[in-house]
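Trainee: Protein chains in written order, with my numbering: chain A, 1 to 311; chain B, 1 to 311; chain C, 1 to 311; chain D, 1 to 311. From the three backbone atoms N, C-alpha and C, an ideal C-beta is built for every residue, glycine too.
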């Protein structure tokens, strides 16, 4: 196969402070499709154009943040191979039984050097995007409910030792480095942010060096166009959703974006655009003094809140 | 005629601190079409889709700001009628001879209650938009040079006593009130910003109550689409043009916008969208507590720099 | 006033073959807002962003077509003046009592040289666009129901002697010629199509020379963007609405468009874009051999169905 | 690696009837970047956002069509593996020496069951997209020269026995079936068109069943947005480029498109949009009676020229 191993971001379990408030927010304001609630009380959602049963899960908790993220792999053989690789890399793994998450097969879970719980899995029930498999319409009502993101696109995680994460993702998990931000010259230009892809998206996951382990910067939700990013911004305005940055264009990845916070303070992104990198390309580098344009290309502003606030 | 009297914003003369720097900025970064230089050294520009000889003039000066703005009227008879009306309103007028501005006929000039010099004129040479009058292409190279605004759309001026301006514009000059912002309840909800149209645009001119007379908040340049507003923002980023706000959507007028500063500190706007008001409609009102959404609909932020900085 | 006399297209009464089928079509597929039914059984609609009570009326009939179109004038004095002008021009007028159409004042009706019934009126109830007059959101649910056109933008009518219509509209009704198509050289280049504006839209009404009087080519409905024109096209595809042309760009007016037929065979357009003409400009001319590009700029095709089919 | 084996469409060599006319067409009308001419007189181009030296080659010939298409593989080991697989599948391969094409490594060439010459290669010189590897701008002048497609996106080839191609591509080359069109029920619903991906694009290659072997339907060039597809259409109109279909939306792949012909009669597509399939998904099926919507979603028209004309 040309696409093998890890295919894409599959799920993220977010901690929320008030489950009912958050359920309504993600369902009716963000416009994800609610697909179920499990025995633990977790609520499941998917993007309107995703075909698997779920991608965003909410769990009631005392503090915001992300419990874990999971990536879909091609098949069970890939799952076994990747688990073996992770163990050989020196990281312990555990298997979580099929069914622990609704409609989801067995998951291999391990802790990243940055402290995040990361999962791989090979099976999640195909429920379709509501348009059918035969002569589908190009879109339907769920594509206009709320902001109506099409997919869980990627996540950005903060933690210490992203160099070790980079080694794990590029040497074991089959990702490649697409872009990176380096620190100041006087500090030796260390990589302080890395954007990694397992596909030809500009990023399937990204990490920022940060002293505290296991922190979430944002989950990113895919929008179909810049006009739809503005529509998402309008809906944020209508609902007084606090916005961090945007609408604007990123220099990094060239994407078009708004960052906002959910009612628990978890940051999410409505994102479109970008270009098409491939694993045989060379990564792009953003220097520290130009990272303002990397973050917010038109203004070149280094937004303090963006850099510092995580959950 | 259905469109009579004052037709549209015609010209604005901006003061700039370094003429050559500003000439290059407006020509190659903003992407206006340079159409001439007069004996006084003033440089003339037009938007790519304007058919008259000029709309934005630059004059070398020691301080930034706007010398005057001029509005095109239908014909000489309208000019005479409007001048008579202005005098009857109690404002002195003067006539500036044809030719004082390149390719521009006689101008009637007077001072608004807010302290701004305002002009009316009936004649400016038709030079076309470069596409010809017969079988024109929909656009040409000047439509992609720099940000390539199509037109001088409107201006926002700051000064004292906008109530008197409103009376003059609505009772004498044929404008109507499209939107307004009112002050806090405890202050009696005075009109602190008014958006006036002489057409079915959301504004041809706007005023904000401000203690200092004759100040410029911004001249607005028309863009064809939200995608082209982002393209303008990209060009701002490429050229380190300082941005005040945007890209974003206004609540007031529903337009899509970026505000930025020219090298002399004059604010300009790249603007598209809005709706189509008519003089038989009722004005919209923005209350003081919701003006954040009026300014920046997605974020609802009251940007201090936007409110306070004028030239 | 700067905008005086005739302001805009106000209403068009369409004949439909099956009222219930058409009601559902215009309400749920086109996405107009249904605002009432009168004692005669006529069904009333408005565009989502129109503030007056109605703009498109449906009447059950044995043949498709347009009964009449009506244009809103500024006030009763304008109505009286314009009626006087029409009579002096040599055309008889009649007054139709207020209330004959729901929420609509007295109408002055007369027959154009091309055989169409044309109306002027000064009063129609302001019902708003659903967003309120204070701190309005930029859009609401009706802006995404069906194709959701914002306004009745213009109409194109076919009939004999458009030269006389031109004279009436430009000399009496205050319109001006924005663009025109001329016939072949060997025929002396007569005007075979004229696009007239009473505003700074590229057309508020247009006429094509045609032997049969009183025919409708299309009513045009305004869309907010080229992306929304495609969305309208998607909805046409979902509902098997027969399309004549598009999506494409017009050379004439530069607008972006799809033409389609309603269930009775009346053609309608979903239209956006265009430029901003003014009455002091010079009209653009399309020669006969280049009219293909005038109609469908990318392809340059002269679509037979577009030229020949009217109701 | 998660992306392994065949990565993407790399190059297509087109036969053109007049090399100089075609060079100007592809350079200045289509807006590809010319990157060289070799000793055989072939002219090389790349899309503005491609980083490899070339993607579209022109060869002077007596008849239009495609000589061969080449796909980039991850590395030399992949090339060897894939060659072995092709031979085991029963197809002879040959090696073409590095340098036979400018800046391109050794190629493995073989003939598909449909009669097309198909190549795999692991090396092509990285020349960049003109924006640099450090702090890149989001776009530059080449992104607005002509239609300015970003990439060679995919091609559609006509020939007999696409079932054998499908077997080869899915069982050996690592592609997966994304969509398919099936014939009429009375014919047993054979697959008459297949859309195959080696990535998460909706197609990297497609085949249509056709009696004559080795025919080209079109090469597809990627555009960044629907607005840019219209811009491409405008440029087609300005240059009298004959258009086959569009602008419109495909039902198949959901993409937005225009099809046109180059001066030699080779069809090309300017394409954007689509969704993101993955190899673990289920293919979509278009039935014969609904293929009109598959081709042209808004109109549902089965364009004869599209179905029948190939080179």
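(1) For residue 233 of chain A, I'd like the list of residues in its chain whose CB is within less than 6 Å of its CB, leaving aside the five on either flank, ordered along the chain.
(2) Distance cutoff 8 Å, beta carbons only. Does residue 261 of chain A sit that close to anything in chain C?
(3) I'd like to know if the region 149 to 159 of chain A and the region 200 to 209 of chain A are in contact, where contact means that at least 3 CB-CB pairs between them fall below 8 Å.
(4) Please state the DSSP three-state secondary structure of residue 29 of chain A.
(5) On a Cα-Cα basis, can you pick out the residue from D:222, D:112 and D:264 that is closest to residue 17 of chain D?
(6) Where does the unbroken beta strand (DSSP E) through residue 234 of chain B begin, and where does it stop?
(7) Between residue 28 of chain D and chain B, is there a C-beta pair that is closer than 8 Å?
(8) Taking contact to mean 3 or more Cβ pairs, one atom from each stretch, closer than 8 Å, check whether the region 291 to 299 of chain B and the region 211 to 225 of chain B are in contact.
(9) For residue 70 of chain C, count the other beta carbons within 10 Å of its own beta carbon; 16 or more makes it buried, fewer makes it exposed. Which is it?
(10) Interface residues of chain D around residue 240 of chain C at Cβ under 7 Å?
(11) Strictly by DSSP, which residues pair up with residue 44 of chain C?
(12) Taking C-alpha atoms, which residue in D:123, D:96, D:300 and D:91 lies nearest to residue 53 of chain D?
(13) Out of B:268, B:130, B:102 and B:301, which has the shortest C-alpha to C-alpha gap to residue 38 of chain B?
(14) Report the option in B:245, B:240 and B:273 whose CA atom is closest to the CA atom of residue 254 of chain B.
(15) When DSSP labels each residue in this structure, what does residue 179 of chain B get in the three-state scheme?
(16) Answer with buried or exposed for residue 72 of chain B, where buried requires no fewer than 16 other C-beta atoms within 10 angstroms of its C-beta.
(17) Closer than 8 Å between beta carbons: that is the criterion. Which residues of the region 128 to 143 of chain D meet it against chain B?
(18) Report yes or no: do three or more beta-carbon pairs, one from the region 173 to 192 of chain C and one from the region 125 to 144 of chain C, lie closer than 8 Å?
(19) Verify whether the separation of the beta carbon atoms of residue 10 of chain D and residue 55 of chain D is less than 8 Å.
(20) Taking 8 Å as the threshold (beta carbon to beta carbon), is residue 307 of chain D in contact with chain C?
(21) Chain B partners of residue 256 of chain D, CB-CB under 7 Å?
(22) Could you run through the region 21 to 51 of chain C and flag, in chain order, every residue whose CB is less than 9 Å away from some CB of chain D?
(23) If we call anything under 8 Å between Cβ atoms a contact, is residue 162 of chain C one with residue 114 of chain C?
(24) Taking C-beta pairs closer than 8 Å, name the residues in chain C that residue 293 of chain D reaches, listed in chain order.
(25) Under 8 Å, Cβ to Cβ, is there at least one residue of chain D near residue 84 of chain A?
(26) Check the C-beta distance from residue 221 of chain B over to residue 271 of chain B and give it rounded, since I have them as a contact under 8 Å.
(27) Between residue 287 of chain C and residue 118 of chain C, what straight-line distance do the alpha-carbon atoms span, to the nearest angstrom?
(28) Do residue 217 of chain A and residue 158 of chain A count as a contact pair if the criterion is CB distance below 8 Å?
(29) Rounded to whole angstroms, what's the CA-CA distance from residue 116 of chain C to residue 28 of chain C? Just pull it up for me.
(30) Hey, residue 282 of chain A and residue 133 of chain D are a contact pair by Cβ (cut 8 Å); roughly how many whole angstroms apart?
(31) To the nearest angstrom, how far is the alpha carbon of residue 59 of chain A from that of residue 23 of chain A?
(32) Do you know how far the Cα of residue 219 of chain C is from the Cα of residue 244 of chain B?
(33) Is the CB-CB distance between residue 2 of chain A and residue 174 of chain D below 8 Å?
(34) So, with DSSP's three-state summary, where would you put residue 62 of chain A?
(35) Strictly below 7 Å CB to CB, what residues from chain B border residue 243 of chain A?
(36) At the 8 Å Cβ level, is residue 63 of chain A part of the contact set with chain C, yes or no?
Mentor: Short version:
(1) Position 233 of the first chain, counting from 1, holds the residue named residue 233 of chain A. Excluding positions up to five away in sequence, the list reads 247 and 258.
(2) For this step, residue 261 of chain A is matched to residue 261 along the first chain. At a cut-off of 8 Å between beta-carbon atoms, residue 261 of chain A makes no contact with chain C.
(3) yes
(4) Along the first chain, one-based indexing puts residue 29 of chain A at 29. Residue state, collapsed to three classes: helix.
(5) Counting from one through the fourth chain, the residue named residue 17 of chain D turns up at place 17. Out of D:222, D:112 and D:264, D:264 has the C-alpha closest to the C-alpha of residue 17 of chain D.
(6) Translated into positions along the second chain, residue 234 of chain B becomes position 234. Unbroken run through residue 234 of chain B is the alpha helix (DSSP H), 226 to 238; no beta strand (DSSP E).
(7) Counted from its first residue, the fourth chain places residue 28 of chain D at position 28. Residue 28 of chain D does not count as touching chain B.
(8) no
(9) In the third chain, residue 70 of chain C corresponds to position 70, counting from 1. Looking at its Cβ environment, which holds 16 or more other Cβ atoms inside 10 Å, residue 70 of chain C is buried.
(10) By 1-based counting over the third chain, the position of residue 240 of chain C is 240. Those are 300, listed as they occur along chain D.
(11) Counted from its first residue, the third chain places residue 44 of chain C at position 44. DSSP lists C:36 and C:57 as partners of residue 44 of chain C.
(12) Here residue 53 of chain D refers to the residue found at position 53 of the fourth chain. Among D:123, D:96, D:300 and D:91, the Cα nearest to that of residue 53 of chain D belongs to D:123.
(13) Looking up residue 38 of chain B in the second chain gives position 38. Among B:268, B:130, B:102 and B:301, the Cα nearest to that of residue 38 of chain B belongs to B:102.
(14) Taking the second chain and counting its residues from 1, one reaches residue 254 of chain B at position 254. Among B:245, B:240 and B:273, the Cα nearest to that of residue 254 of chain B belongs to B:273.
(15) The count along the second chain starts at 1 and reaches residue 179 of chain B at position 179. Looking at residue 179 of chain B - three-state DSSP - the assignment turns out to be strand.
(16) Your numbering for residue 72 of chain B matches position 72 in the second chain. By the neighbour-count criterion, in which 16 or more other beta carbons inside 10 Å mark a residue as buried, residue 72 of chain B falls on the buried side.
(17) 137, 138 and 139
(18) They do not touch, by the three-pair rule.
(19) Here residue 10 of chain D is taken as the residue at index 10 of the fourth chain, counted from 1. Here residue 55 of chain D is taken as the residue at index 55 of the fourth chain, counted from 1. Yes, the Cβ-Cβ distance between residue 10 of chain D and residue 55 of chain D is below 8 Å.
(20) Your numbering for residue 307 of chain D matches position 307 in the fourth chain. Taking Cβ atoms only, chain C never reaches closer than 8 Å to residue 307 of chain D, which makes this a no.
(21) The sequence position of residue 256 of chain D within the fourth chain is 256, counting from 1. Residues of chain B passing the Cβ test: none, with the nearest at roughly 14 Å.
(22) none
(23) Counted from its first residue, the third chain places residue 162 of chain C at position 162. Counted from its first residue, the third chain places residue 114 of chain C at position 114. It is a contact, given that the beta carbons lie within the stated cut-off.
(24) Translated into the one-based positions of the fourth chain, residue 293 of chain D becomes position 293. Those are 237, listed as they occur along chain C.
(25) By 1-based counting over the first chain, the position of residue 84 of chain A is 84. Contact of residue 84 of chain A with chain D is not assigned, every C-beta pair being separated by 8 Å or more.
(26) Counting from one through the second chain, the residue named residue 221 of chain B turns up at place 221. Counting from one through the second chain, the residue named residue 271 of chain B turns up at place 271. Sure, about 7 Å apart at Cβ, within 8 Å.
(27) Taking the first residue of the third chain as position 1, residue 287 of chain C is located at position 287. Taking the first residue of the third chain as position 1, residue 118 of chain C is located at position 118. Near 29 Å, if we compare the C-alpha coordinates of residue 118 of chain C and residue 287 of chain C.
(28) The residue labelled residue 158 of chain A in the question sits at position 158 within the first chain. The residue labelled residue 217 of chain A in the question sits at position 217 within the first chain. Against a cut-off of 8 Å, the Cβ pair of residue 217 of chain A and residue 158 of chain A comes out as a contact.
(29) Within the third chain, residue 116 of chain C is the residue found at index 116, counting from 1. Within the third chain, residue 28 of chain C is the residue found at index 28, counting from 1. Going from the Cα of residue 116 of chain C to the Cα of residue 28 of chain C covers about 29 Å.
(30) The residue you call residue 282 of chain A lines up with position 282 of the first chain. The residue you call residue 133 of chain D lines up with position 133 of the fourth chain. Confirmed, about 6 Å.
(31) Looking up residue 59 of chain A in the first chain gives position 59. Looking up residue 23 of chain A in the first chain gives position 23. Taking the straight line from one Cα to the other gives about 10 Å.
(32) Position 244 of the second chain holds residue 244 of chain B. Position 219 of the third chain holds residue 219 of chain C. The straight-line gap from Cα to Cα measures roughly 42 Å.
(33) Locating residue 2 of chain A in the first chain gives position 2, counting from the first residue. Locating residue 174 of chain D in the fourth chain gives position 174, counting from the first residue. Yes, Cβ-Cβ distance for residue 2 of chain A and residue 174 of chain D is below 8 Å.
(34) As a first step, residue 62 of chain A is located in the first chain; it is residue number 62 there, counting from the start. If DSSP states are grouped into helix, strand and coil, residue 62 of chain A belongs with coil.
(35) Position 243 of the first chain, counting from 1, holds the residue named residue 243 of chain A. Within 7 Å Cβ-Cβ: 298 and 299.
(36) Within the first chain, residue 63 of chain A is the residue found at index 63, counting from 1. No, no contact with chain C.
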